[in-house]
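Following the working numbering, the numbering of the sequence shown begins with 18 at its first residue and continues without gaps. For reference, the structure discussed in these notes is given below.
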Amino acid sequence: MSLNRTFVKPVKKIAYISGIFLCCIAIMLSIICLYLYYHPERIKSIMEGSLSAATGSSCTMESLSWSLRTGAIEAGGVVFETPGPQRAFSMALPFIRADLALGGPWGHRALILENIQINGISANFALHAILPEEKGASFAARMVQGLVGIFLFRDIVFQSGEILDGQMSASWEDQTIQVNQIHARAGADKPLFLSFALDVKNASRDMQLTAPNVNIFSANALDMNDLKFSGTLQAEDIQLQDAGLEIQRMGVQSKIVYSHARKNLLAENLEVDIKGLALLGKTGGRLPLMGVNLKAEGILSRYPVIDITNATLRVPQTKIHSGTRDILIKAVQFHIPDGRVDTEKRSIALPKVLFDTYDLKNILLAVGLKDGRINLTLQGEKTAILHVAAAYLLVPSDLDLSAADTIRIEAEGPDTGPWQVNAKLSITDLAFKNKAESLTGENISLTTRAEGVVDLHRSSMTFAAFFEAKTGEALYDRYYLNLVKNPIVASCKGTYQFPRQLLQLSEFKFDLTDILPLEIKGYLNQGGECDADFAVNVPQISLKPVFQLLLQEPYKTEMPLLAALETGGTVSAEFRIKEFENSRQVTGRIKWREGNLALPDRGASLKGIHLDLPVWYRTGSAQTPVDAHKGKLEVQSVTLPLLPEQSLSLLLDAGPNRISVDSPTVIHVPGGDLRLGPVEANNIFSPDITVQSRLAFEGLKLRPLLSGFMALPPRGTLTGMLDPVRYERNTVTSQGEIAAEVFGGKMIVSDLGASGVLTSTPVLKLNAHWDDLRLTEMTKDTGFGKIEGVLKGCINDFEIAYGQPQKFVLFLETVPKKGVPQTISIQAVDNIAQIGGGQSPFVGLAGAFASVFKKFTYEKIGIRASLENDMFTVNGTIREDGTEYLVKRRSFSGVNIVNQNPDNRISFKDMVKRILRITHKGEVVVE
Numbered sequence: 018m019s020l021n022r023t024f025v026k027p028v029k030k031i032a033y034i035s036g037i038f039l040c041c042i043a044i045m046l047s048i049i050c051l052y053l054y055y056h057p058e059r060i061k062s063i064m065e066g067s068l069s070a071a072t073g074s075s076c077t078m079e080s081l082s083w084s085l086r087t088g089a090i091e092a093g094g095v096v097f098e099t100p101g102p103q104r105a106f107s108m109a110l111p112f113i114r115a116d117l118a119l120g121g122p123w124g125h126r127a128l129i130l131e132n133i134q135i136n137g138i139s140a141n142f143a144l145h146a147i148l149p150e151e152k153g154a155s156f157a158a159r160m161v162q163g164l165v166g167i168f169l170f171r172d173i174v175f176q177s178g179e180i181l182d183g184q185m186s187a188s189w190e191d192q193t194i195q196v197n198q199i200h201a202r203a204g205a206d207k208p209l210f211l212s213f214a215l216d217v218k219n220a221s222r223d224m225q226l227t228a229p230n231v232n233i234f235s236a237n238a239l240d241m242n243d244l245k246f247s248g249t250l251q252a253e254d255i256q257l258q259d260a261g262l263e264i265q266r267m268g269v270q271s272k273i274v275y276s277h278a279r280k281n282l283l284a285e286n287l288e289v290d291i292k293g294l295a296l297l298g299k300t301g302g303r304l305p306l307m308g309v310n311l312k313a314e315g316i317l318s319r320y321p322v323i324d325i326t327n328a329t330l331r332v333p334q335t336k337i338h339s340g341t342r343d344i345l346i347k348a349v350q351f352h353i354p355d356g357r358v359d360t361e362k363r364s365i366a367l368p369k370v371l372f373d374t375y376d377l378k379n380i381l382l383a384v385g386l387k388d389g390r391i392n393l394t395l396q397g398e399k400t401a402i403l404h405v406a407a408a409y410l411l412v413p414s415d416l417d418l419s420a421a422d423t424i425r426i427e428a429e430g431p432d433t434g435p436w437q438v439n440a441k442l443s444i445t446d447l448a449f450k451n452k453a454e455s456l457t458g459e460n461i462s463l464t465t466r467a468e469g470v471v472d473l474h475r476s477s478m479t480f481a482a483f484f485e486a487k488t489g490e491a492l493y494d495r496y497y498l499n500l501v502k503n504p505i506v507a508s509c510k511g512t513y514q515f516p517r518q519l520l521q522l523s524e525f526k527f528d529l530t531d532i533l534p535l536e537i538k539g540y541l542n543q544g545g546e547c548d549a550d551f552a553v554n555v556p557q558i559s560l561k562p563v564f565q566l567l568l569q570e571p572y573k574t575e576m577p578l579l580a581a582l583e584t585g586g587t588v589s590a591e592f593r594i595k596e597f598e599n600s601r602q603v604t605g606r607i608k609w610r611e612g613n614l615a616l617p618d619r620g621a622s623l624k625g626i627h628l629d630l631p632v633w634y635r636t637g638s639a640q641t642p643v644d645a646h647k648g649k650l651e652v653q654s655v656t657l658p659l660l661p662e663q664s665l666s667l668l669l670d671a672g673p674n675r676i677s678v679d680s681p682t683v684i685h686v687p688g689g690d691l692r693l694g695p696v697e698a699n700n701i702f703s704p705d706i707t708v709q710s711r712l713a714f715e716g717l718k719l720r721p722l723l724s725g726f727m728a729l730p731p732r733g734t735l736t737g738m739l740d741p742v743r744y745e746r747n748t749v750t751s752q753g754e755i756a757a758e759v760f761g762g763k764m765i766v767s768d769l770g771a772s773g774v775l776t777s778t779p780v781l782k783l784n785a786h787w788d789d790l791r792l793t794e795m796t797k798d799t800g801f802g803k804i805e806g807v808l809k810g811c812i813n814d815f816e817i818a819y820g821q822p823q824k825f826v827l828f829l830e831t832v833p834k835k836g837v838p839q840t841i842s843i844q845a846v847d848n849i850a851q852i853g854g855g856q857s858p859f860v861g862l863a864g865a866f867a868s869v870f871k872k873f874t875y876e877k878i879g880i881r882a883s884l885e886n887d888m889f890t891v892n893g894t895i896r897e898d899g900t901e902y903l904v905k906r907r908s909f910s911g912v913n914i915v916n917q918n919p920d921n922r923i924s925f926k927d928m929v930k931r932i933l934r935i936t937h938k939g940e941v942v943v944e
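And the structure:
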């Protein structure tokens, strides 16, 4: 019992002292209130001092009036300014009025503000001087705040009020923020409503953001002990313009919660809808407008940290300019499960960003910015990147593709650059086939690696890349490639300057292993006036593998000669490709050393080939005349059927789109020599190629020349001059004549030419005439039958196609000559009659009569024949008393061959059969 009494006595003393202390405070507060009530003029200075101490600024008031009876307070000319020359903060309230009241139970009372009216408020901030600091309230401030909460009020409740025509401005380094047309109002049954127009400018970025219609809705109670703000943000018709971005229209909506004690701002269910987003390039280019939608479950801002939760960015479609084509990308989406931005440390952490489009899938991004360095990683598997390439016409769109792919891109470096970039793309089990099945491939695996440095300050990029394909098979049209046997390996190094669109290749190597290597150096400038300069080099390689891949294997079935053609030697090439002022030029050389070509089964070969072939291709307007490029072709041994073995040496001159051999070339043939040339070819890289030359020979002996073609070639000589001989548009024409002194007379061939030279149906054309040919020499030792006499005649419009005549007009006629008999054997008469369409005239009595004579005299033989459209006609040229004669006898002796049907027509095939002695009903009458 004594212990309880001992414990109770101190408690009673403490309660008694506390009560006395609280009563004293209550009495003091009552005295202060009574004093201020009877001396209202003293409240102005007290309020100025209190507000100055509370805000850390200088506060002045032009006027202040208040009344405890009515609960109204009114002030005018209230100005807050921070001390010092910088004036980091200033605010002016020309007029403010409010009705005050207290409500609620003791200890939880609320200060009720009614009918607040603030007109023309203006404020200016220098944000770098007033950013919040992480420090707690002092003990005295916490004590005062607690006493005010117990004895006066804990909450401030807005019942009604309005702010009209307010404005605020803030500056931070080179950025300014202007808030105009501020309007706020609140009522007992309505939430707080705030609207304003926003204008943000950044001089260094040439950026301007305007938001003419920003609205904020809030609840109407504020907790004084833990000042909180909760509401909804809505903004419409926002516009943004800077050096790299343009937004024509944007809307923002979100729930926002602000806690002053925690210094954080939370945006929940954020949605940003952009209509008309355009990206602007440094060169003045402009990407087409696109729409963007951003949604986020939560964005929590607690200075200086911003946390992002479940944010999704969607772009329905966008276009990317690629040369002359636009690439349309649909359904672009970025999803950020979580992320953090620290504005003070200038750091960003987005460890997982899921990215995909309508075509491209399974892309994972990781973005990091820390200590001034950027780390970016992009990776994905089974992304369907080849299908995307086909959809965007980067590869043929009709390809049926299947493949597995893996991609990884890493970028790292200072946030201001330059950035080191590494990339790798691997494709396995690649199979493809186009609709025509002219392009196919299967089981192909390839790898591409690239690394480089991107420097945005210099607007340039350096790069090095490597490509290899070592497995699989591919077929294009006739061309087959086994990548296991002949892998493809390529690499390149260079730089690219973005504003000038200038690509510089310091090294590009391509190697179709064991077949064709290739090296390229130079630049391509696509900015302004396009120009380019590349050096292309093909090092010395064996000709045989290239020939087999490009010619022999693809075409040996339809060109059997290629299958048997043997090749040898080494080839190399070097070219200079230049493009300037809308013109293009390629110059260089192709070399063939220790070469040979042979067709053993045909007895043809070229051995010891040494070729230095100059090449000169040019487009565009005419240039200043320049010296020709010299070259040479030497062949140690040329062996061809019917020709003697000989060597060949040609000096070559090349100019723009032309090549020539300026000196005549002597070709040895049996019986003499041919002189060919000079030869000049123009437009050699165009379908309109033309070739012009000349051909001359004199006193060629016919018997050795024709001995390879005929069993008993005639004796005689051949002399001619064809100048010029011209090839143009698949046609060969010539001027000049070829004269043959043969059969005791002369035969002249002219207008020699051909059409469709490079087609499957070339047509040979010529005209010819002859005089004083001895029929005895022509028909001797032939199966046609002997004829004596002198023949003249001609053949015009003679055409040969498919190895046989298809058109001609033939005229044959004998002429009397002193000392030359005119006789015809029975066999010749019989053959002429059959050619004319009849049977042998020597049947029956005529045959018995003819058996007495071996030959007959004649006065004249005259035949006109023609062939056109496979119709052959034969007529006699001798007409007497309405009778047409093929052969006219002399007086009463001899034989007449009469054509009874001058309109007789027969197909040429049947004519050939007649010549082969296939009988046909004749209409020839022998008198």
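The beta carbon of each residue, even a glycine, is placed where N, CA and C say it ideally should be.
Would you list the residues sitting across from residue i in a DSSP beta bridge?
i: G810; result: W787, L829
i: H200; result: S212
i: D550; result: Y540, K595
i: H352; result: T329, L371
i: A621; result: L616
i: K312; result: E288, T329
i: E485; result: T464, V506
i: P534; result: D528
How far does the beta strand (DSSP E) with residue i in it reach, from first residue to last?
i: H646; result: 646-656
i: L418; result: 417-431
i: F726; result: No beta strand (DSSP E) holds F726; DSSP gives it neither H nor E.
i: H685; result: 682-686
i: K905; result: 900-905
i: I402; result: Careful: I402 lies outside any beta strand (DSSP E), inside the alpha helix (DSSP H) at 402-408.
Are the CB atoms of residue i and residue j nearer to each other than 9 Å?
i: Q198; j: F213; result: yes
i: G544; j: P516; result: yes
i: V309; j: I291; result: yes
i: T329; j: H352; result: yes
i: L827; j: S883; result: yes
i: I676; j: E697; result: yes
i: D740; j: A713; result: yes
i: S139; j: G183; result: yes
i: D422; j: L386; result: no
i: E79; j: G88; result: no
i: V780; j: I812; result: no
i: I424; j: T400; result: yes
i: S767; j: A785; result: yes
i: I880; j: T900; result: no
i: I90; j: L110; result: no
i: L717; j: T748; result: no
i: K378; j: D417; result: no
i: Y875; j: G806; result: yes
i: I180; j: I129; result: no
At what residues does the alpha helix (DSSP H) containing residue i begin and finish?
i: V837; result: Neither: V837 is in no alpha helix (DSSP H) and is coded neither H nor E.
i: R953; result: Residue 953 lies beyond the stretch modelled for the chain, which goes from 18 to 944, so this question has no answer here.
Write down the C-beta distance between residue i and residue j rounded to the nearest angstrom, noting that I regard them as a contact closer than 8 Å.
i: G430; j: R390; result: 7 Å
i: A228; j: A260; result: That pair is no contact at about 20 Å.
i: N286; j: S318; result: Rounded, the Cβ-Cβ distance is 15 Å, inconsistent with contact.
Could you tell me which whole beta strand (DSSP E) segments of length 3 or greater appear in the region 744-782?
Fully enclosed beta strand (DSSP E) runs of 3 or longer: 748-759, 762-772.
Contiguous alpha helix (DSSP H) assignments of at least 4 residues, all confined to the region 500-526:
none
Taking the runs of the alpha helix (DSSP H) that are 4 residues or longer, which of them lie wholly in the region 907-933?
925-932
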